[in-house]
Every structure is written in C-alpha cells, then in structure tokens.
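Asker:
Residue numbers (full-length UniProt numbering), protein chains in the order written: chain A, 1 to 334; chain B, 1 to 264.
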C-alpha cells in the first residue's frame, strides 16, 4: 500500500492557477430578499488549508454549495482548479471532493460499498477500486467496519467514512462543510489529524466552520464571513495580530452596573479596548491591553474598585479569532 | 442549468456506474423485489382468470384478454414505483442521492439514469408475468410473431412509467406521497384498459375518454394487437405514437423537476 495512490492528480495542472477562486460571487435564493452570498471574493492556493469562519447563516455553506456545483450562482465567478463550476460542472466534479455538513452515506451499501461505488461513478478502474477502498478504510481507522451498514456507524465513524469517500477519486480540492460539528472531542481530534495529513499529502482543503479553535488550528489562512460578505482574510496569527492590544484580561464581576465599569476601565492607560461579554448567568468583561497583561492588571482592578464593583474571577490570555470576529461585527460567533 | 460540456467516455462511465449501483442494490434485495412485483398481478390473474372463470362469472376467453393487460400494468407501475418512491425519500430525508449528483455526470443524465433504472425494473416485472401466466392459466394462445412488437411496446411502456415516476418523485413531498399514490395510482390501475378492451367502451364514452389519457391503455391495447389479435384492439401505430409522446412529455417534465430538486 502506498500513499501515492491518493495523491491529487495534479499532472498537467498549472501551478499558477489557484485551487479555488471566487470573484464577486452573489447568490440569492428564490424568494429571499437578501443575498445569502453577497459579493464574496477570495482565492485559495494549491496545497493550502483554507478556512471560512463565520456564524451559522453567514453564507459559508452556500459558498461551498456553489463551488461544489450544487447551488447555482446568481452572479460572479467561481472556479475550482481553474474550471468554471457553472460553465463546466461535470469537469469540476471530477477534480473536487465533498464532505457535506449532513451525513449522506448510501445506506443500501456497506461502508466499503460506499467507497467502491463512489470510485465507479468517478471512473476509477475496476481493478483498483477495492484496494483503494481498503487503503482509505485503514487510514481512517475503519477497516474492521468495512462490511458495516452506515446506519450502524457512530457519528465520528460516519464522518471519517465520508472523508474517505470524498478521497476515493483523488480530488485536487476537498471541501469540508462543518467537518466536526456534532462530533465528540475524540472523534473531532481524529478528523483534525486527517485534515492535517491531507494537506501534507498535497490536497487543497477548503473547510467551513463556526468554531474559531478549529479554524485557528487547521487553517493556513482564514476568511471571516458574515452576512455573505468577507470581512477579513489572513493567517490566524495575522488576524489576531491585527487587533488592537496584545493581551486579554477577562473579569467576572458582581455588584455594579457593567456599563459603568466598562467606562471606567476604558480610561485606564494601556487599555486598548473593553468588550461586554456578559450572559444571563454572569457579568463578564474582556479587556484588551497593550503590552503585557500583568502591567495593566493593577490599574484595571483599581478602576473596577473605583466603580464600586467586585471582581470574582480574573483570567489572563491572548486574543483569539473570536476576538477578531467580535472586533469586526460587534457580536460573538454563536 | 448543467449543460454537459465535457461529454464523452467519462460521462458514459459515470452513467454506467450510477446505473450499476442501482442494479446491484436491486440484486441484493431480489427476493423482496420479486414478491412486490408479483403479488398484485398474480392475485388479479388468479381471481379474474381462474376463480371467476370456474364459477362461471366470466367467459373462458377473458384470461386471454387479461394477461397482456397485466403485462402492461406491471411494466408501467413497477417502473413508476421504482423511480418515484426512492426519489421522494432521497430528496427529502436521506440525501443519499447527493453522492451521485456529485459524480462527473450532468444532472440531466442522473435523471435519465433514474428513468432507465425504473424502466428496467418495470420491464423485468412485466416479463416475469409471462411464466406466471402460463402457470396460472390453463392455456395461453399468443401469436408468437407478434413478440418483437410486444417487446418494443413493453420497453416504451416501462420508459414511460419511469418518466412518470420521475415526475411524481420530484413533485410530491413525502408527507403527501400516500395521498398521491392513492389518488393517482388507483385510478391509473383501473383506467389502463388492463381488464377490458378499450374499443368496446363505446357505450361508456366518458370512461373511454379517461382511459385514453392513461398511457397503460396503449401498452395493453398494443400488446393485444400483437399477441391476441382476435380481441378488438387499437391500431399498433396509434399505440406506438402515444407511448413515444408519453415518454417525451413525462420525461421533459420529470427532468425539469429533477433539476429543480437537485440544484438550489
């Protein structure tokens, strides 16, 4: 068994052509009055892991739908491996693989059958289908489940089988739509490891997620989307570095009006911003500080005391992609 | 629209792959498939052809008239069911068809595959009625020279059924499938000139008009013309034309419906 059998078929592919290119893409569904995707543009380099990060309903799945030929664009241009997906959907389907948000395994077939017939649809020579299927089942830790019906697989196993299926025809670009939603932490980790492996073997990966940790961990670059528009695009560290402030101080408060405390803290030297992250159960402020968090801590706590509030918990940290999202939209990701 | 711009051997291979999957799945469920296909026509044949005959309520020649009708009925109905029911479930709940919609095959051809597969099940369901007829009935007097034309009619009838199934499968929501099957299927069952010769309905003109709208009529009548020409029947060319028209009309509507369901 060799890894080479599942390498992308880049033979003849022009390295200069982006793996995925989206230009001014607009999608408006039938009766809707707003655009689900509203003038999106980005390009994904070959071999890159590209993440589309945004809350539910941001237009991520629609964008992937257009790129994978299942959703018809309203205007703009979308290409995969240089192929215009609207003009040549059949050609595009040959070079892309899809891991959909909802499991859609063929329950009339067993696990191996799902892979073998997928290979048949894609014209993989009959003699190679079974060996290839078993190789991928093994890579996904599913070899002992080869004859199991998809109904009897756990969520994580089904997801791995879907990834294996998406790889059976050695696609140049693999699209993963919310790949770890609904999985337990262990299954999630396994899926993450497979994505890292794929990228290492040269497959371009486009994934959507509303999970900032997943995006930060897996993606070389992240596009932040909201209301169908691209708000920012950079590496995870680049996005975070673009935020004002280099450290965060989380304060859990009691005993005073949060807005009043927020106002006081803003006036402290070295504080770059304060966000109210309170929920129903507790009052939480996140303070972003220039320089080290430790230096700003004492004056910040002093300001809280001046406002007549008590701090019940303090946590120091570094800003995350979620801070970037809040900075861009004023809202949390979920 | 999914204009097939990369036609050629790739799409033919993908088409055969998708068709192969459907046939393989049918093969795995062969026992249940064959019992579904045979049960209803077997009892129709047995009760109307044998029981009522022996009791003297129908004339001995009636079974001769009924058997071609049942072949026609199965060709169309098995095809309708084989196409419609899985599609309703696939598009609404399981989404299992998505992997085939993502095959390097134009979406139209996936729809055509559904018709062809449904038709092949219909054709099979119709052909197995022949030995059943020979076993259940005392005698079957067919003009064997009519067999090639009969085969052509059965193929067209099956294709027409597959296309009608595509229309139903893409238009009907799963919550309504039971109602639709009761409201559409039952009338189709009894207006297909399966159990009576179409031309002898002249005193029931309104019913004859309704029967004329049912594609099964043209399969039944055509088969009688080919196999049992002694029974009054419609001219062969009329049947042929009506079935081709039915394939084209249902096919066009069904493929449009399929595209609408397959692509957002």
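From the three backbone atoms N, C-alpha and C, an ideal C-beta is built for every residue, glycine too.
Treat the numbers as computed from the prediction; the structure is a model and nothing was measured.
1. For residue 103/B, return the contacting residues in chain A, with the cut-off set at a CB-CB distance below 7 Å.
2. List the residues of chain B that residue 118/A touches, going by C-beta distances under 7 Å, in chain order.
3. Kindly list the residues whose CB is nearer than 7 Å to the CB of residue 155/A, restricted to its own chain and excluding five residues on each side of it in sequence; keep chain order.
4. Can you tell me the Cβ-Cβ gap for residue 49/A and residue 240/A, rounded? I've got them flagged as a contact below 8 Å.
5. For residue 112/B, return the contacting residues in chain A, with the cut-off set at a CB-CB distance below 8 Å.
6. Name the chain B residues whose beta carbon is nearer than 9 Å to that of residue 171/A?
7. From residue 121/A to residue 104/B, what does the alpha carbon distance come to, in whole angstroms?
8. Does DSSP put residue 220/A in a helix, in a strand, or in coil?
9. On a Cα-Cα basis, can you pick out the residue from 80/B, 48/B, 52/B that is closest to residue 69/B?
10. So if I threshold CB-CB distances at 8 Å, which residues from the segment 292 to 312 of chain A count as touching chain B?
11. DSSP three-state call for residue 309/A: helix, strand or coil?
12. Within the 8 Å Cβ cut-off, does residue 87/B reach chain A?
13. Kindly list, in the order they appear in chain A, the residues whose Cβ is closer than 8 Å to that of residue 32/B.
14. Using a cut-off of 9 Å between C-beta atoms, extract the partners of residue 11/B located in chain A.
15. Sort 157/B, 205/B, 199/B, 14/B by Cα distance to residue 242/B and report the nearest one.
16. Do the CB positions of residue 199/B and residue 232/B come within less than 8 Å of each other?
17. What are the residues of the segment 100 to 111 of chain A that lie near chain D, defined by any Cβ-Cβ distance shorter than 8 Å?
18. What are the start and end residues of each continuous alpha helix (DSSP H) run of 4 or more residues lying completely inside the segment 174 to 256 of chain A, in chain order?
19. Which same chain residues, not among the five before or five after residue 8/A, have their C-beta less than 7 Å away from its C-beta?
20. At least one CB of chain B closer than 8 Å to the CB of residue 59/A: is that the case?
21. Whose Cβ in chain B lies nearer than 9 Å to the Cβ of residue 68/A?
22. Beta-carbon of residue 82/B versus every beta-carbon of chain A: anything under 8 Å?
23. Identify the contact partners of residue 126/B in chain A, using a Cβ-Cβ distance below 7 Å as the criterion.
24. How big is the Cα-Cα spacing for residue 293/A and residue 190/A?
25. Please check the pair residue 222/A and residue 244/A, which I expect to be a contact at CB under 8 Å, by giving their CB distance rounded to whole angstroms.
26. At 7 Å on the CB atoms, spell out the chain B contacts of residue 72/A, in chain order.
27. Span of the beta strand (DSSP E) holding residue 258/A?
28. Alpha carbons only, please: which of 74/B, 89/B, 224/B, 204/B is nearest the one belonging to residue 160/B?
29. Taking DSSP as the reference, what is the three-state secondary structure of residue 153/A?
30. Rounded to the nearest angstrom, what separates residue 291/A and residue 316/A at their Cα positions?
31. What does a CB cutoff of less than 8 Å around residue 107/B pick up in its chain, not counting 5 residues either side in sequence?
32. For residue 240/B and residue 213/B, I'd like the C-alpha separation in whole angstroms.
33. Could you compute how far the alpha carbon of residue 347/A sits from the alpha carbon of residue 194/B?
34. For the pair the segment 174 to 184 of chain B and the segment 83 to 94 of chain B, tell me if three or more CB-CB distances fall below 8 Å.
35. Quick check: residue 229/A and residue 38/A, are their CB atoms within less than 8 Å of each other?
36. Apart from the five residues on each side of it in sequence, which residues of its chain come closer than 8 Å, Cβ to Cβ, to residue 233/A?
Answerer: On the basis of the coordinates in this document:
1. The residue given as residue 103/B occupies position 103 in the second chain. The answer, in chain order, is 93, 121, 122.
2. Taking the first residue of the first chain as position 1, residue 118/A is located at position 118. Within chain B, the residues near residue 118/A are 99.
3. Taking the first chain and counting its residues from 1, the one referred to as residue 155/A is at position 155. 182, 183, 187.
4. Along the first chain, read from residue 1 onward, the residue named residue 49/A stands at position 49. Along the first chain, read from residue 1 onward, the residue named residue 240/A stands at position 240. Not really, about 17 Å apart at Cβ, beyond 8 Å.
5. By 1-based counting over the second chain, the position of residue 112/B is 112. Under the 8 Å cutoff, chain A gives no residues; its nearest Cβ is about 14 Å from residue 112/B.
6. Start at 1 with the first residue of the first chain, and residue 171/A comes out as number 171. Within chain B, no residue has its beta carbon less than 9 Å from that of residue 171/A; the closest one is some 10 Å off.
7. For the purposes of this step, residue 121/A is taken as the residue at position 121 of the first chain. For the purposes of this step, residue 104/B is taken as the residue at position 104 of the second chain. C-alpha separation (whole angstroms): 7 Å.
8. As a working mapping, residue 220/A is identified with position 220 in the first chain. Looking at residue 220/A - three-state DSSP - the assignment turns out to be coil, as it is neither helix nor strand.
9. As a first step, residue 69/B is located in the second chain; it is residue number 69 there, counting from the start. The shortest Cα separation from residue 69/B among 80/B, 48/B, 52/B belongs to 48/B.
10. Against chain B - using a Cβ distance shorter than 8 Å - the segment 292 to 312 of chain A contributes no residues.
11. As a first step, residue 309/A must be located in the first chain, where it is residue number 309. Here residue 309/A carries a coil assignment [DSSP, helix/strand/coil].
12. Translated into the one-based positions of the second chain, residue 87/B becomes position 87. No, residue 87/B lies away from the interface with chain A (no Cβ there is under 8 Å from its Cβ).
13. Here residue 32/B is taken as the residue at index 32 of the second chain, counted from 1. Residues of chain A with a Cβ closer than 8 Å to the Cβ of residue 32/B do not exist; the shortest Cβ-Cβ separation is about 12 Å.
14. To locate residue 11/B, count along the second chain from 1; it is residue 11. Those are 90, listed as they occur along chain A.
15. Position 242 of the second chain, counted from the first residue, corresponds to residue 242/B. Nearest C-alpha to residue 242/B: 157/B.
16. As a working note, residue 199/B is residue 199 in the second chain. As a working note, residue 232/B is residue 232 in the second chain. Cβ atoms of residue 199/B and residue 232/B: closer than 8 Å.
17. Looking for chain D here will not work: the only protein chains present are A and B.
18. Every alpha helix (DSSP H) of 4 residues or more that sits fully in the segment 174 to 256 of chain A is shown, in chain order, as 185 to 200, 212 to 218, 236 to 241.
19. As a working mapping, residue 8/A is identified with position 8 in the first chain. The pLDDT assigned to residue 8/A is 47, lower than 50, so where the model puts this residue is not dependable, and the model offers no usable value.
20. Residue numbering aside, residue 59/A sits at position 59 when the first chain is read from its first letter. Against chain B, the CB of residue 59/A has no partner CB under 8 Å away; the residue lies outside that interface.
21. In the first chain, counting from the first residue as 1, residue 68/A sits at position 68. Under the 9 Å cutoff, chain B gives 102.
22. Against the second chain, residue 82/B aligns to sequence position 82. Output row for residue 82/B: interface = no.
23. Taking the first residue of the second chain as position 1, residue 126/B is located at position 126. Counting only Cβ-Cβ distances below 7 Å, residue 126/B has no contacts in chain A at all, with the closest Cβ about 24 Å away.
24. Translated into the one-based positions of the first chain, residue 293/A becomes position 293. Translated into the one-based positions of the first chain, residue 190/A becomes position 190. Residue 293/A and residue 190/A: Cα-Cα distance of roughly 34 Å.
25. Reading the first chain from its first residue, position 222 is the one you call residue 222/A. Reading the first chain from its first residue, position 244 is the one you call residue 244/A. Not a contact, Cβ separation roughly 19 Å.
26. Position 72 of the first chain, counted from the start, is the residue given in the question as residue 72/A. 263, 264, listed in chain order.
27. Taking the first residue of the first chain as position 1, residue 258/A is located at position 258. Judged by DSSP secondary structure, residue 258/A falls outside any beta strand (DSSP E) and instead within the alpha helix (DSSP H) spanning 258 to 266.
28. Taking the first residue of the second chain as position 1, residue 160/B is located at position 160. When each option's Cα is compared against that of residue 160/B, the closest is 74/B.
29. Working through the first chain from its first residue, we reach residue 153/A at position 153. In the displayed model, residue 153/A falls within coil according to three-state DSSP, outside both helix and strand.
30. Position 291 of the first chain, counted from the first residue, corresponds to residue 291/A. Position 316 of the first chain, counted from the first residue, corresponds to residue 316/A. So the alpha carbons of these two residues sit roughly 12 Å apart.
31. Position 107 of the second chain, counting from 1, holds the residue named residue 107/B. In its chain, beyond the 5 residues on either side, 2, 101, 258, 259, 262, 263 have a beta carbon closer than 8 Å to the beta carbon of residue 107/B.
32. Here residue 240/B corresponds to residue number 240 of the second chain, with the count starting at 1. Here residue 213/B corresponds to residue number 213 of the second chain, with the count starting at 1. So the alpha carbons of these two residues sit roughly 14 Å apart.
33. Nothing can be reported for residue 347/A: it is not among the residues displayed for chain A, which extend from 1 to 334.
34. Because the criterion of three Cβ pairs below 8 Å is met, the segment 174 to 184 of chain B and the segment 83 to 94 of chain B touch.
35. Working through the first chain from its first residue, we reach residue 229/A at position 229. Working through the first chain from its first residue, we reach residue 38/A at position 38. Yes, these two residues count as a Cβ contact at 8 Å.
36. Mapped onto the first chain, residue 233/A falls at position 233. So the list reads 42, 221, 222, 223, 224, once near-sequence residues are dropped.
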